[in-house]
Amino acid sequence: MSTPLSTAAASALEPAASASVPPPALRHGRFEDAQALFTGSLFVSITMMLFAQAGLLTGSTAGIAFLLHYVTGLPFGAIFFVINLPFYWFAWKRMGAEFTVKTFVSVAMLALMADVGPRFIHIDYLNPLYAAVAGGLLMGSGCLFLARHHSSLGGATIVSLYLQDRYGIRAGKVQMMIDCTVVLLALWIVPFERVAYSVLAAVIMSMFLWISHRPGRYQGN
Numbered sequence: 029m030s031t032p033l034s035t036a037a038a039s040a041l042e043p044a045a046s047a048s049v050p051p052p053a054l055r056h057g058r059f060e061d062a063q064a065l066f067t068g069s070l071f072v073s074i075t076m077m078l079f080a081q082a083g084l085l086t087g088s089t090a091g092i093a094f095l096l097h098y099v100t101g102l103p104f105g106a107i108f109f110v111i112n113l114p115f116y117w118f119a120w121k122r123m124g125a126e127f128t129v130k131t132f133v134s135v136a137m138l139a140l141m142a143d144v145g146p147r148f149i150h151i152d153y154l155n156p157l158y159a160a161v162a163g164g165l166l167m168g169s170g171c172l173f174l175a176r177h178h179s180s181l182g183g184a185t186i187v188s189l190y191l192q193d194r195y196g197i198r199a200g201k202v203q204m205m206i207d208c209t210v211v212l213l214a215l216w217i218v219p220f221e222r223v224a225y226s227v228l229a230a231v232i233m234s235m236f237l238w239i240s241h242r243p244g245r246y247q248g249n
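For the sequence shown, the positions run 29 to 249 when our numbering is used.
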């Protein structure tokens, strides 16, 4: 038989018990995914155009594609798309089908936008320091959009997101190490000043991701 005191105590405990239960995770809808993948790819493609105009580089497979673009003169988008093909197997095995398909779509959009974009926008003068800062933030924002919607731009981004999900290592930290390494390898092709600005852009992008994208924050999205 319950007493008023016991009833009141039970009622007092109910909010605490309900507060300890986390709210159900919200999943993004298809339209939300589509606009995020498009916007993220667009932001990064603008960064690629800024870097190309300023003679800067970036890391991961995009950085390798840039190096090959500078050396061979082949379109950046086509090189970038081909370089990423081997990484889809790893993504399928480790990150799942949804992540792999979204990554494939994002890489394809970026490759197309990077090659078509210069037909719609041209900058007569661009300070490399401005390109490094603005490009680093734009690329970080674009990659963050993709990561929050379970996608990436392939290459090292796949590895960094996997290490974050599997071992809790910040994706930004891994991305920074990989990007700076790739950019430094360009010293024998690109002048030191441009490499220094490229390293600055990689650090800004990685710090942005390091601070903004934390393990477990968006589980279930």
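Don't be surprised by glycine CBs; every beta carbon is placed ideally from N, CA and C.
Legend entry - Assigned exposure category for GLY170 - 16 Cβ within 10 Å defines buried: With 16 or more Cβ atoms within 10 Å of its Cβ, GLY170 is classed as buried.
Legend entry - Those runs of the alpha helix (DSSP H) which lie wholly inside the region 118 to 168 and span at least 4 residues: List check, alpha helix (DSSP H) in window: 125 to 144.
Inset, instruction - Could you tell me the distance, in whole angstroms, from the CA atom of LEU65 to the CA atom of GLY182? - result: The straight-line gap separating the alpha-carbon atoms of LEU65 and GLY182 is approximately 13 angstroms.
Legend entry - Distance CB(LEU95)-CB(ALA184) smaller than 8 angstroms: Not a contact, by the Cβ cut-off of 8 angstroms.
Legend entry - Residue of ALA230, ASP143, SER240, ALA125 minimising C-alpha distance to LEU157: Checked all of ALA230, ASP143, SER240, ALA125; the closest Cα to LEU157 is ALA230.
Inset, instruction - Reducing DSSP to helix, strand and coil, say where GLY170 ends up. - result: It is helical.
Legend entry - Contact between the region 55 to 70 and the region 183 to 203 (3+ Cβ pairs under 8 angstroms): Not touching, per the Cβ criterion.
Legend entry - Limits of the alpha helix (DSSP H) - the one that ARG198 falls within: Under the DSSP assignment, ARG198 falls outside any alpha helix (DSSP H); it carries neither an H nor an E label.
Legend entry - Integer-rounded CB distance, given that PHE108 should sit under 8 angstroms from ALA90: Taking C-beta atoms under 8 angstroms as the contact rule, ALA90 and PHE108 qualify, at a distance of about 6 angstroms.
Inset, instruction - Go through its chain and collect everything with a Cβ distance to VAL72's Cβ below 6 angstroms, but skip five positions before and after it. - result: So the list reads LEU138, MET167, GLY170, once near-sequence residues are dropped.
Inset, instruction - Give a yes or no on contact between the region 215 to 227 and the region 78 to 88, applying the rule of three or more CB pairs nearer than 8 angstroms. - result: In the pairwise beta carbon analysis, the region 215 to 227 is classified as touching the region 78 to 88: at least three pairs are separated by under 8 angstroms.
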